[in-house]
Amino acid sequence: MSFQKSFFTPSFAGRPGRFIPKGRLATLHLKSDLLREYWERLHTELVAQDPHVPPIKTSRHIVDPDIEQKTLNNDTQRLELVEMTEGDREKMRSHHAAFVHALGTLSRDLPMWKGTRGVVIPAGGGYLGIALTSVLMLYRSGSKLPVHVFVDTYAERDPYICDSAFPRLGAECLVFEDLLGSSIADMKHFQFKALALLCSPFEQVLFLDSDAWPIRAPDHLFDTVPFTSHGLITWPDFWQSTTSPTYYQIAGVEPPRMTTRLSSEAGILLYNKATHAKCLLLATYYNWYGPNYYYTLFSQGAIGEGDKETFAHAAMATGQSFWDVRAPVSVFGRWINGSYETSGMKQADPEEDYHLYSDTPNVDHALQSPEDNKKRTAKTLFIHHNLFKVNMATIGKEDDNVFRLDSNGQQTRLWGLEEKLMNDSGDIERAMWDVVLAANCRVSFLSECGRLRRWYDAVFTDSLPLVSH
């Protein structure tokens, strides 16, 4: 689908363009001498603390954390599958300690725009069309936050999206290549997340993966607990923690009990860089050496191994506070021919979560029963469409999975009937497709749009009316 021929920016009340300080373009920040000099210092320290040990291996991979640890109590021991010599462990400890020591000056000198806040979205690797969906849904929610969208190289930068669509929505495209130059070729996908958080000049950041967005305006989160009290908010994943005891030895911190918290999911984060630059920089170190070392230490081959554990563990290692949302993540999807097809995840409102759980802060929430979770589960605030990505550039093609039929030969919603979510927030899936159709197909006669309109009419004809945001 051609953006140039069909894209239209819907009109949302309270668009945030006026909230971007005049003349303070983040692109200029990315190209500034101040940030370049800072990056040279940080890069020098990252390279200096290369552990110089062979890539970490495990005796086997964890297939399913919940099967590996069938019983979970205060005496449950962490699985140790990492195979390392004591000499290599000592090298890892030494370089980790040296980098942590350097954080004193590096954290103090991190360039940022004081008193600013906004959203940061990484969209490299072909995810720009997906990020466009998320930006549109963000502003449909009523948010007035400005947005920085990062792509890796100029080859990925779409001129129409970046120069026409995004500016009308209060969003700005940034290109890592401006700062990293040719060294960007050595970077891996997961490593860009921490760099996007660092390189955006916002002091306070709501980080969203390119396929994540809020169903209500998230702006208030910056002014309420737990953000004002903790400075960093993380969300849980589905599974138990599988972090190796070796990591805690390297970091020099006491390992938490297995019952303390679940594993992390890093598609959504809230960071106050003014107070938590140390742990953000350490997370950058973990991701810089993630593929060979830290990803294995954190997950030991478990589902979703990557950057997801780096942010919470960096906070633990630096002794900085964070609120890990207690409400369990849940999925949405549909049944197709006897199989459940998951489209994505629902993630909770951290302010409501904090008020539900702050009276029992030391309860081991990895042990909570499903019934207790139901009683104290905050409403959904974020949708993470991580398994079925709604890409504005490709949606509606003839072979698009959205058009798959169920066992009765009927077209179906992607999310199924999410009754609780509908009761709480209205028909959010329908709202998403309203935005997609308005943006891509308002004045278009492309075949993709015809297919999307027919599918929409078939599955949403009898749907509940939308609840206004």
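FYI, in the numbering used here the residues of the sequence shown are 7 to 475.
Note that beta-carbon positions come from the ideal geometry of N, C-alpha and C, so glycine has one too.
Remember, it's a predicted structure, so these values are computed and weren't measured experimentally.
Less than 6 Å between C-beta atoms, sequence neighbours within five positions excluded: which residues of the same chain meet that for residue i?
i, result
"Glu315", "Ser270 and Phe304"
"Asn278", "Gln210 and Gly237"
"Ser17", "Residue placement at Ser17 is poorly supported in this model, since its pLDDT is 49, which falls under 50; the coordinates are not used for a value here."
"Ser413", "Asn343"
"Leu200", "Checking the displayed sequence, the identity of residue 200 turns out to be Ala instead of Leu. Same-chain partners within the cutoff: Ala289, Thr290 and Asn293."
"Ala333", "Ala354, Asp359, Thr383 and Ala384"
"Phe105", "Gln55 and Tyr291"
Can you tell me whether residue i is buried or exposed, with buried defined as 16 or more other CB within 10 angstroms of its CB?
i, result
"Ser191", "Sequence inspection shows Ala at residue 191; the Ser mentioned does not correspond to that position. Label assigned to Ala191: exposed."
"His154", "buried"
"Gly20", "Residue placement at Gly20 is flagged as unreliable, the pLDDT there being 43, under the threshold of 50; a coordinate-derived value is accordingly withheld."
"Thr50", "exposed"
"Leu40", "exposed"
"Gly296", "buried"
"Thr111", "exposed"
"Arg267", "buried"
"Pro207", "buried"
"Glu454", "buried"
"Leu411", "exposed"
Select from the options the residue whose C-alpha is nearest the C-alpha of residue i.
i, options, result
"Leu144", "Leu112, Asp215 and Pro207", "Asp215"
"Asn79", "Thr240, Gln246, Met118 and Phe394", "Gln246"
"Lys194", "Thr252, Pro128, Ile256 and Ala171", "Pro128"
"Gly124", "Ala399, Val211 and Asn278", "Val211"
"Ala289", "Arg410, Glu404 and Leu238", "Leu238"
"Leu151", "Thr281, Val126 and Gly132", "Val126"
"Thr64", "Phe105, Phe172, Ala202 and Thr252", "Thr252"
"Asp81", "Pro262, Leu411, Glu424 and Met398", "Pro262"
"Glu424", "Ile167, Gly350, Ser413 and Gly415", "Gly350"
"Pro530", "Ser327, Arg457, Trp439 and Asn397", "This structure leaves residue 530 out entirely; the chain is present only between 7 and 475."
"Thr230", "Leu142, Glu357, Leu180 and Trp219", "Glu357"
"Leu180", "Ser235, Glu404, Leu36 and Phe394", "Leu36"
"Asp430", "Lys352, Val408 and Gly132", "Lys352"
"Met438", "Thr77, Arg42 and Leu142", "Leu142"
"Tyr160", "Gly132, Ser140, Ser149 and Arg146", "Gly132"
"Asp217", "Ser140, Ser38, Met428 and Gln416", "Ser140"
Nearest-angstrom Cα distance between residue i and residue j?
i, j, result
"Ser364", "Trp329", "10 Å"
"Gly354", "Thr240", "Residue identity check: residue 354 is Ala in the sequence provided, not Gly. The alpha-carbon atoms of Ala354 and Thr240 are separated by roughly 11 Å."
"Arg382", "Arg163", "43 Å"
"Lys385", "His361", "12 Å"
"Asp433", "Val335", "19 Å"
"Ala280", "Asp169", "30 Å"
"His107", "Ser100", "11 Å"
"Gly176", "His319", "33 Å"
"Leu186", "Arg174", "28 Å"
"Lys284", "Leu109", "6 Å"
"Thr302", "Leu276", "25 Å"
"Gln10", "Tyr166", "Any answer about Gln10 is weak, because its pLDDT of 43 lies below 50 and its placement is not dependable; what the coordinates show is given next. Roughly 6 Å between the two C-alpha positions."
"Gln306", "Val59", "17 Å"
"Arg448", "Leu458", "12 Å"
"Ala408", "Asn446", "According to the sequence provided, residue 408 is Val. The question's Ala does not apply to it. If I take the Cα positions, the gap works out to 16 Å."
"Trp219", "Thr400", "19 Å"
"Ala202", "Trp119", "15 Å"
"Met476", "Asp243", "Outside the displayed range of the chain (7 to 475) lies residue 476, so it cannot be described from this structure."
What does DSSP give as the partner residue(s) for residue i in the beta ladder?
i, result
"Lys352", "Ser336 and Ile389"
"Phe156", "Pro128 and Leu180"
"Lys63", "Glu89"
"Ile274", "Leu214"
"Ser345", "Ile342"
"Pro220", "Phe388"
"Arg123", "Gln210"
"Thr240", "Asp330"
"Leu268", "Gln246"
"Leu186", "Answer is none; Leu186 lacks a bridge partner."
"Gln417", "Leu411"
Spatial neighbours of residue i within its chain, please: CB distance less than 8 Å, with the 5 preceding and 5 following residues excluded, ordered by chain position.
i, result
"Phe198", "Pro128, Gly130, Phe156, Asp158 and Phe182"
Whose C-beta lies closer than 7 Å to the C-beta of residue i among residues of the same chain, with five residues either side of it excluded?
i, result
"Arg419", "Arg340, Glu435 and Val465"
"Met322", "Val259"
"Phe338", "Ser349, Gly350, Lys352, Trp421, Gly422 and Glu424"
"Tyr300", "Tyr292 and Thr316"
"His102", "Ile256 and Ala257"
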